[in-house]
Structure formats: structure tokens, C-alpha cells
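J.: Here it is: the structure, laid out below.
Listed below in C-alpha cells is the structure:
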């Protein structure tokens with residue numbers, strides 16, 4: 325099969341690789357679309373010790389089962405593999421499984437290839453007529469869906485009465501804004517330093533979109549809910565300053581592990597700080613249904629490119645040369 329292989333930092337090679345061989349409980353999938361995640365970008369730069377070359381990256385995937393009783397069925401891949409037996413898994417919080425693995429991370433090959441092996445229980449049937457390019461976006465949007473759900477449960481006020489701030493307008497930040505709007509958020513502000521991303525966020529319907537460098541920043545103590553989809557020291561500082569007393573900060577991004585938290589304010593003003601990781605299978609299924617139903621609006625912020633052009637896509641994302649919040653690669 326043809327695959328896009330991470331071979332060295334800032335190097336991706338489109339080359340022949342052995343077809344994956346499914347193990348017990350797994351099926352072979354012919355990949356139709358696979359999205360580029362921010363974690364793939366970290367690996368591309370050599371900044372992720374969990375992903376080292378040579379490795380087929382990619383975990384946001386949709387395709388068709390290639391063999392077995394379900395041959396021909398179109399599916400979306402939940403890339404998070406868990407034990408299914410621990411307390412977290414049995415309580416519906418499999419994203420917290422201590423034995424969790426994700427494809428596209430050593431030693432498990434990912435989805436930037438013509439074929440992918442996956443446990444059958446990780447496959448969700450794609451609705452009839454759904455574009456696989458849109459279906460491949462289920463995974464990152466499910467991360468935003470889960471995060472907004474946590475914010476909603478932690479907030480003392482319903483979202484319809486909340487002002488919300490989203491920091492970052494990449495795929496997860498953009499869709500967090502769309503999910504907040506879908507759930508009736510009363511006031512929404514989204515910030516991103518990239519002009520093309522801001523333009524995309526405005527077109528997608530993300531409310532008041534601003535430039536954190538040149539525009540007036542969010543006012544202190546002005547937001548009931550703050551979602552940090554960047555996860556850097558500066559965005560954590562911004563989140564704590566912007567959140568109202570008694571408000572909620574949801575931290576999704578993993579840019580760095582530096583400081584940035586004003587613990588005194590969090591304590592004295594009873595701010596709820598919530599860390600969030602991926603999603604549950606319930607979130608995943610609900611997200612795919614919402615995308616297919618058009619509940620999050622037009623999906624023209626997703627761009628499809630050939631897998632063979634993957635290196636150029638990574639470089640365009642890295643340089644901020646694309647208005648797409650999500651680039652999806654398609655094997656030929």
C-alpha cells in the first residue's frame with residue numbers, strides 16, 4: 325500500500341509500506357479520508373516523544389471495511405483503543421482508561437495510508453450519504469463536543485445565559501465555538517492570531533472574532549465559560565483573567581506544560597478549572613450525527629487534498645498559509 329510516513333523531523337515520505345494484517349477482533353479498512361491533527365504537527369516537528377520515526381501518523385479517519393462479514397460497510401474510526409474492562413471503561417469514561425492507546429502513535433501505525441487495521445468495536449457506521457471527508461472530522465469535533473459538555477455540566481448557569489470565550493480557532497477551537505452556538509450560548513467571542521483562521525471562524529458563525537495581538541483582548545472577569553483550545557502559558561493567563569468569579573475554564577490544548585495559572589484567583593473566586601481529554605463513545609456518536617444533520621453549519625472549513633501531497637499540506641498548516649481549519653488527506 326501507499327502511505328505517508330514520518331521519516332525524520334519535518335520530513336514525510338510518500339512510499340510503499342506493507343499492508344497491515346488485522347489481529348483477532350480487528351478488521352481491515354480501506355481509508356477514504358484522514359485528517360491532520362495538531363498532535364501530528366507536533367510529531368512532524370519532532371516535539372512528541374510518543375511519536376518517533378519511522379511512523380505512519382494520522383488518527384482522524386473514515387473509510388470502508390475491506391474484508392469479512394461487514395465488507396463494504398462505510399465507517400468512521402474511533403482511534404482511541406481501550407481495555408474495555410477497567411472502572412473507567414465500564415463507567416462510560418473509556419477516554420480515561422489507564423491502558424488507552426491511540427493509532428498513529430508508536431508502536432501503532434496510523435491512518436495516513438491506503439489501509440488501516442482497527443478493533444471492530446472502535447468502528448461507527450457512517451450515515452448513508454455522508455461525505456467521508458466530513459466524517460473524518462468527527463474525531464476532532466468530538467473533542468470539542470466533549471469539552472463543551474463538561475463546561476455545561478460544571479457551569480452554575482445554563483449556556484443560554486452564558487458569555488463564552490474560546491482561545492484558538494483551529495479545528496477544535498473553531499468547532500468548540502460552533503458547538504457552543506448550537507447549544508444556545510448567549511454571547512461568544514473567539515480569538516486567534518492567524519488572519520486566515522479568523523476569517524474562517526467569522527464565516528462559520530463563531531460570533532465576535534478578534535486578533536489577540538492587535539485587537540482589544542477579552543475583558544477581565546467577563547466570561548462565564550472560557551475554553552482554552554491552545555494550552556499555552558499565555559492562553560492560560562488569558563483564561564484565568566477573563567473568567568468571571570464562579571465561572572468555568574475548560575483546558576483542551578497541549579501546547580506546553582509551563583505555568584500560567586493564577587491559582588490565587590482560581591481559589592478566592594471559586595473558579596472551576598477542568599482538564600479534558602478526547603471524548604467518550606457517546607460523544608463520538610452524537611458528534612457524527614450532528615455533523616451529518618448540519619447542526620454545526622456548513623463544513624466548508626474542511627479542505628481535502630491527496631495523500632501524496634501530504635508534506636505540502638503539513639507545511640501550509642505550519643506556515644499558516646491555509647484558511648482551512650482542518651485539512652483531510654485522501655489516498656488515491
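Numbering (this note's numbering), first residue to last: 325 to 656.
Here a beta-carbon is modelled for each residue, glycine too, at the ideal position from N, C-alpha and C.
1. Within the segment 430 to 463, note down every full beta strand (DSSP E) run reaching 3 residues or more, in order along the chain.
2. In this structure, how does DSSP classify residue 493 when only helix, strand and coil are distinguished?
3. Starting from residue 592, trace the alpha helix (DSSP H) in both directions and tell me its first and last residue.
4. How about residue 385 and residue 435: are their beta carbons less than 7 angstroms apart?
5. When we look at the beta-carbon of residue 490 and count the other beta-carbons within 10 Å, is it buried (16 or more) or exposed?
6. Can you list, in chain order, the residues of its chain whose CB lies under 7 angstroms from that of residue 723, leaving out five sequence neighbours each side?
7. Assuming residue 486 and residue 548 make a contact with CB atoms under 8 angstroms, what is their CB distance in whole Å?
8. Using the DSSP secondary-structure output, state which residues sit across from residue 628 in a beta bridge.
9. Who are the Cβ neighbours of residue 383 in its own chain at under 7 angstroms, not counting the five residues just before and after it?
10. Report the option in 334, 338, 330, 333 whose CA atom is closest to the CA atom of residue 655.
11. Counting Cβ pairs closer than 8 angstroms, one from the segment 450 to 470 and one from the segment 610 to 619, do we hit at least three?
12. When the distance is taken between beta carbons, is residue 439 closer than 7 angstroms to residue 364?
13. Find the nearest neighbour of residue 645 within the set 467, 521, 598, 441, judged by alpha-carbon distance.
14. For residue 528, which residues from the same chain have a beta carbon less than 7 angstroms from its beta carbon, with the 5 sequence-adjacent residues on both sides left out?
15. If you reduce the DSSP assignment to three classes, tell me which class residue 612 lands in.
16. Taking the Cβ atom as the reference point for each residue, do residue 524 and residue 647 lie within a distance shorter than 7 angstroms?
17. Which partner residues does residue 405 have in the DSSP bridge list?
18. Please say whether residue 563 and residue 542 have beta carbons closer to each other than 7 angstroms?
19. Using three-state DSSP, classify residue 642 as helix, strand or coil.
20. Output needed for residue 556: all residues of its chain with C-beta closer than 6 angstroms, excluding positions within five of it in sequence on either side, in chain order.
21. Within 10 angstroms of the Cβ of residue 607, are there 16 or more other Cβ atoms? Answer buried if so, exposed if not.
22. For residue 413, which residues from the same chain have a beta carbon less than 7 angstroms from its beta carbon, with the 5 sequence-adjacent residues on both sides left out?
23. Can you tell which of 630, 484, 432 has its C-alpha closest to the C-alpha of residue 345?
24. Would you call the CB atoms of residue 602 and residue 467 closer than 7 angstroms?
25. Determine, using beta carbons only, whether residue 330 and residue 393 come nearer to each other than 7 angstroms.
26. What residues in its chain sit with their C-beta under 6 angstroms from that of residue 475, if we drop five residues either side in the sequence?
27. In terms of residue numbering, what span does the alpha helix (DSSP H) encompassing residue 328 cover?
28. Could you spell out the range, first to last residue, of the beta strand (DSSP E) harbouring residue 568?
T.: The structure says:
1. 439 to 443, 447 to 449
2. For the purposes of this step, residue 493 is taken as the residue at position 169 of the chain shown. Note: residue 493 maps to coil in three-state DSSP.
3. On the chain shown, position 268 is the one that residue 592 refers to. 587 to 592 is the span of the alpha helix (DSSP H), which, as asked, contains residue 592.
4. Within the chain shown, the letter at position 61 stands for residue 385. Within the chain shown, the letter at position 111 stands for residue 435. Taking 7 angstroms as the Cβ cut-off, residue 385 and residue 435 qualify as a contacting pair.
5. Here residue 490 is taken as the residue at index 166 of the chain shown, counted from 1. When all chains shown are included, residue 490 counts as buried.
6. Nothing about residue 723 can be reported from this structure: the residues present for the chain run from 325 to 656 only.
7. In the chain shown, the residue the question calls residue 486 occupies position 162. In the chain shown, the residue the question calls residue 548 occupies position 224. At roughly 4 angstroms, the Cβ-Cβ gap stays under 8 angstroms, so residue 486 and residue 548 are in contact.
8. Position 304 of the chain shown, counting from 1, holds the residue named residue 628. Per DSSP, 652.
9. As a first step, residue 383 is located in the chain shown; it is residue number 59 there, counting from the start. These residues qualify, in order along the chain: 361, 403, 426, 427, 428, 434, 435, 463.
10. What you label residue 655 is simply residue 331 of the chain shown in a count that begins at 1. Considering only alpha carbons, the answer is 338.
11. yes
12. Along the chain shown, one-based indexing puts residue 364 at 40. Along the chain shown, one-based indexing puts residue 439 at 115. Contact flag unset, no.
13. Translated into the one-based positions of the chain shown, residue 645 becomes position 321. The residue with the shortest Cα to Cα distance from residue 645 is 521.
14. Indexing the chain shown from 1 puts residue 528 at position 204. Here the set comprises 498, 502, 621, 625.
15. Here residue 612 is taken as the residue at index 288 of the chain shown, counted from 1. Looking at residue 612 - three-state DSSP - the assignment turns out to be helix.
16. For this step, residue 524 is matched to residue 200 along the chain shown. For this step, residue 647 is matched to residue 323 along the chain shown. Yes.
17. Taking the first residue of the chain shown as position 1, residue 405 is located at position 81. DSSP lists 425 as partners of residue 405.
18. Residue numbering aside, residue 542 sits at position 218 when the chain shown is read from its first letter. Residue numbering aside, residue 563 sits at position 239 when the chain shown is read from its first letter. Contact flag unset, no.
19. To locate residue 642, count along the chain shown from 1; it is residue 318. Residue 642 falls in the helix class under three-state DSSP.
20. Taking the first residue of the chain shown as position 1, residue 556 is located at position 232. Around residue 556: 579, 580.
21. As a working mapping, residue 607 is identified with position 283 in the chain shown. The residue is buried, with at least 16 neighbouring Cβ atoms inside 10 Å.
22. Against the chain shown, residue 413 aligns to sequence position 89. So the qualifying residues of the chain are 406, 407, 421.
23. Locating residue 345 in the chain shown gives position 21, counting from the first residue. The shortest C-alpha separation from residue 345 is found at 432.
24. Taking the first residue of the chain shown as 1, we reach residue 602 at position 278. Taking the first residue of the chain shown as 1, we reach residue 467 at position 143. Closer than 7 angstroms, so yes.
25. Here residue 330 is taken as the residue at index 6 of the chain shown, counted from 1. Here residue 393 is taken as the residue at index 69 of the chain shown, counted from 1. Contact check for residue 330 against residue 393 fails: the beta carbons are separated by 7 angstroms or more.
26. Along the chain shown, read from residue 1 onward, the residue named residue 475 stands at position 151. Closer than 6 angstroms at the Cβ level, and outside the excluded window around residue 475, lie 549, 572, 574.
27. Numbered from its first residue, the chain shown carries residue 328 at position 4. Where residue 328 is concerned, there is no enclosing alpha helix (DSSP H), although the beta strand (DSSP E) it sits in stretches over 326 to 332.
28. By 1-based counting over the chain shown, the position of residue 568 is 244. Here the beta strand (DSSP E) through residue 568 covers 567 to 575.
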